[in-house]
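Participant: This is the structure I have questions about; it appears just below.
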Amino acid sequence: MTAHLVSEEYSFAWDFRSCFWESYCEEHGLMFKGKNDLAIELIKDYESPTDEQVYVLVDSWYTSRKLIIDACAAKGYHVIGGLRVNRKIYPAGIGIKISKFASDFMRTSDTRSVTARDHTYKLYTYEGKLSDIENAKALLFWEGEFDSSKTPFCILCTDCSLDESYHPELL
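In the working numbering, the protein residues as written are 5 to 175.
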């Protein structure tokens, strides 16, 4: 597992942790650490300049509050990452999986068009409670046109002050 420092168009390997199977650790007398524990270690060990806002970019394996969000928040960092559609959002205070919300309650008029890297997407932005995270943004994307029968690609962002125009660059 690696941590990269990214600035503008440059990415530098900053730190890494070796991840071994639990059986390998037992066999070789090593302490087992799962990938989530290793990711949290990397976050805790990184010391950022005090005048810089840090965004931790992760895939959907790492976007739970318990695993990464709390570790980042403790350091003043924000998280941007993939989000699984089985996570719950709470529009009007009612919990519903993103997949069900998108397929049963959304309409084309709820989305807006955005373009990133010569591709057009339909975008829906939700801000509020998300599973076990008190306040975050969930961005739901459909390539081309909105289709309620298709699963959206989802991005989580814990910095609700960011405008949606920042996010398409991640695609």
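The beta carbon of each residue, even a glycine, is placed where N, CA and C say it ideally should be. In this text, all values refer to a predicted model and were calculated from it rather than measured experimentally.
How would you call His82, buried or exposed, if buried means at least 16 neighbouring beta carbons within 10 angstroms?
Facilitator: Within the sequence shown, the letter at position 78 stands for residue 82. Its Cβ being crowded by 16 or more others within 10 Å, His82 is buried.
Participant: Can you tell me whether Gly97 is buried or exposed, with buried defined as 16 or more other CB within 10 angstroms of its CB?
Facilitator: Translated into positions along the sequence shown, residue 97 becomes position 93. A residue is called buried when at least 16 other Cβ atoms come within 10 angstroms of its Cβ; Gly97 does not meet this threshold and is exposed.
Participant: Here's the rule: buried if 16 or more other CB atoms are within 10 angstroms of the residue's CB, otherwise exposed. What is Leu174?
Facilitator: Here residue 174 refers to the residue found at position 170 when the sequence shown is read from its first residue. Confidence in Leu174 is poor, its pLDDT being 49 and thus under 50, which makes the residue's placement unreliable; the coordinate value appears in the next sentence. Exposed.
Participant: Output the distance between the C-alpha atoms of Lys37 and Arg21, rounded to the nearest integer angstrom.
Facilitator: By one-based count along the sequence shown, residue 37 stands at place 33. By one-based count along the sequence shown, residue 21 stands at place 17. For Lys37 and Arg21, the gap between their C-alpha atoms comes out near 10 Å.
Participant: What are the boundary residues of the beta strand (DSSP E) that includes Cys161?
Facilitator: Within the sequence shown, numbered from 1, the residue matching residue 161 stands at position 157. Element bounds for Cys161: Phe157 to Cys161.
Participant: Identify whether Asn139 lies in helix, strand or coil by the three-state DSSP scheme.
Facilitator: Stepping through the sequence shown from its first residue, residue 139 is reached at position 135. Reduced to three states, the DSSP call for Asn139 is strand.
Participant: Can you tell me whether Lys104 is helix, strand or coil according to DSSP?
Facilitator: Numbered from its first residue, the sequence shown carries residue 104 at position 100. Reduced to three states, the DSSP call for Lys104 is helix.
Participant: Pick helix, strand or coil for Gly38, following the three-state DSSP scheme.
Facilitator: Numbered from its first residue, the sequence shown carries residue 38 at position 34. Reduced to three states, the DSSP call for Gly38 is coil.
Participant: Secondary structure at Ile98, three-state DSSP: helix, strand or coil?
Facilitator: By one-based count along the sequence shown, residue 98 stands at place 94. In the three-state reduction of the DSSP assignment, Ile98 falls in the coil class.
Participant: Buried or exposed: Val60, going by 16 or more other Cβ atoms within 10 Å of its Cβ?
Facilitator: The residue given as residue 60 occupies position 56 in the sequence shown. Classification for Val60: buried.
Participant: For Thr119, count the other beta carbons within 10 Å of its own beta carbon; 16 or more makes it buried, fewer makes it exposed. Which is it?
Facilitator: If you number the sequence shown from 1, residue 119 lands on position 115. With fewer than 16 other Cβ atoms within 10 Å, it is exposed.
Participant: Can you list, in chain order, the residues of its chain with a C-beta nearer than 7 Å to that of Thr155? Leave out the 5 residues immediately preceding and following it.
Facilitator: Taking the sequence shown and counting its residues from 1, one reaches residue 155 at position 151. So the qualifying residues of the chain are Val89 and Ser103.
Participant: Taking just the CA atoms, how far does Ser27 sit from Thr124?
Facilitator: Here residue 124 corresponds to residue number 120 of the sequence shown, with the count starting at 1. Here residue 27 corresponds to residue number 23 of the sequence shown, with the count starting at 1. One C-alpha to the other measures close to 46 Å.
Participant: In whole angstroms, what separates the C-alpha of Gly148 from that of Lys126?
Facilitator: The residue labelled residue 148 in the question sits at position 144 within the sequence shown. The residue labelled residue 126 in the question sits at position 122 within the sequence shown. Spanning the alpha carbons of Gly148 and Lys126 requires a straight line of approximately 7 Å.
Participant: Where Tyr130 and Gly33 are concerned, what is the direct C-alpha to C-alpha distance, given to the nearest angstrom?
Facilitator: For the purposes of this step, residue 130 is taken as the residue at position 126 of the sequence shown. For the purposes of this step, residue 33 is taken as the residue at position 29 of the sequence shown. Taking the straight line from one Cα to the other gives about 47 Å.
Participant: Provide the residue span of the beta strand (DSSP E) that contains Glu30, from first to last.
Facilitator: To locate residue 30, count along the sequence shown from 1; it is residue 26. Counting along the chain, Glu30 falls outside any beta strand (DSSP E), though it belongs to the alpha helix (DSSP H) covering Glu26 to His32.
Participant: For Lys126, which three-state DSSP category applies?
Facilitator: Counting from 1 along the sequence shown, the entry for residue 126 is found at position 122. Three-state DSSP puts Lys126 in a strand.
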